[in-house]
Each structure stands twice: as structure tokens, then as C-alpha cells.
Amino acid sequence: MEIAISDLQFSQLFLSEDKIKRVENWLTSETFKEAPVTIRWFPWSETPVLLDGHTRVFVASQKGITRVPVLWDDTELEAELEQLYQACAAWCNDQGIHSVSDFSTRILSQAQYEIDWIGRCQSYLAKLA
1385 MEIAISDLQF
1395 SQLFLSEDKI
1405 KRVENWLTSE
1415 TFKEAPVTIR
1425 WFPWSETPVL
1435 LDGHTRVFVA
1445 SQKGITRVPV
1455 LWDDTELEAE
1465 LEQLYQACAA
1475 WCNDQGIHSV
1485 SDFSTRILSQ
1495 AQYEIDWIGR
1505 CQSYLAKLA
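Each residue of the sequence shown is one higher than the last, beginning at 1385 in this note's numbering.
As C-alpha cells, this is what we get:
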């Protein structure tokens, strides 16, 4: 199954420059079929939420790909993890990340990505505990 990139709700504020470079080396419309992105429909979201694959979606878009293969996640989530995804989607909306092109100004070094994004998510989860 495929979905239009424009139909996705993003749940990540930044991309890692290092990861983008790695993905650029292997991603094509053919290789993408072997690495679908993970999406989920939440009751609080009007569109499917991209859980995993933001970098692949960004690189695909840069290569002119407009539809991406998806894997629907319907596993039961812990309440804290669902709250994190809801917060992440809200952060994206608050910071104006509505299109994959919005990531072009949100690319960080791996070290800064870990501080700004991974750290933010870990801090949020720690507050829920």
C-alpha cells in the first residue's frame, strides 16, 4: 500500500544530516518498496501520523517521489507512547511543519539532533513517569 506524502501528519521536528546522507545513498523508488514507512491512525489525528520514516520521506520527496510505501501500525501502544506521539504531532503543528519541504530548514548535525530532538522526547517521557 502507498500513501501520498502530502497526506501525512509528521511527528518529528528535526532531521539528522548524517542520516539523510546515508539514506540518499540507497533510496530509490524501487528500494523504498523494501523499507516502507510506519504510519498509524490515532483518534486525535485527522490524517495518518508518520511514526517512523521521516528521513526516508524527506529524501524521497527530494528525489521527486510523491507517494511512499507504508506499513500500518495497529499494535497496542502504552498510554505514555501514544501521549508522546500526540505531543510530537502537536509540536509539529505549532512549529509549522505541515509539508515535507518544511524539514529543509530543520536539518541538524547528529550531535545537535540528539540534543534537540531525542533529548526533548526523553524529557517529555520522563515527565510522564
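Glycine included, C-beta positions come from ideal geometry on N, C-alpha and C.
- Between GLY1437 and THR1422, the C-beta spacing is below 8 Å.
- The alpha-carbon separation between SER1395 and LEU1468 amounts to approximately 9 Å.
- Secondary structure of GLU1386 (DSSP, three-state): strand.
- The shortest CA-to-CA distance from SER1429 to any of SER1400, CYS1476 and GLU1408 is the one to CYS1476.
- For ARG1424, no alpha helix (DSSP H) encloses it; the enclosing beta strand (DSSP E) starts and ends at 1421-1424.
- Rounded to whole angstroms, GLU1408 and ARG1440 show a C-alpha spacing of 8 Å.
- Taking C-beta atoms under 8 Å as the contact rule, LEU1492 and GLU1401 qualify, at a distance of about 6 Å.
- The three-state reading of DSSP puts TRP1428 in coil, since its state is none of H, G, I, E or B.
- Counting only the Cα atoms, TRP1501 lies some 9 Å from LEU1399.
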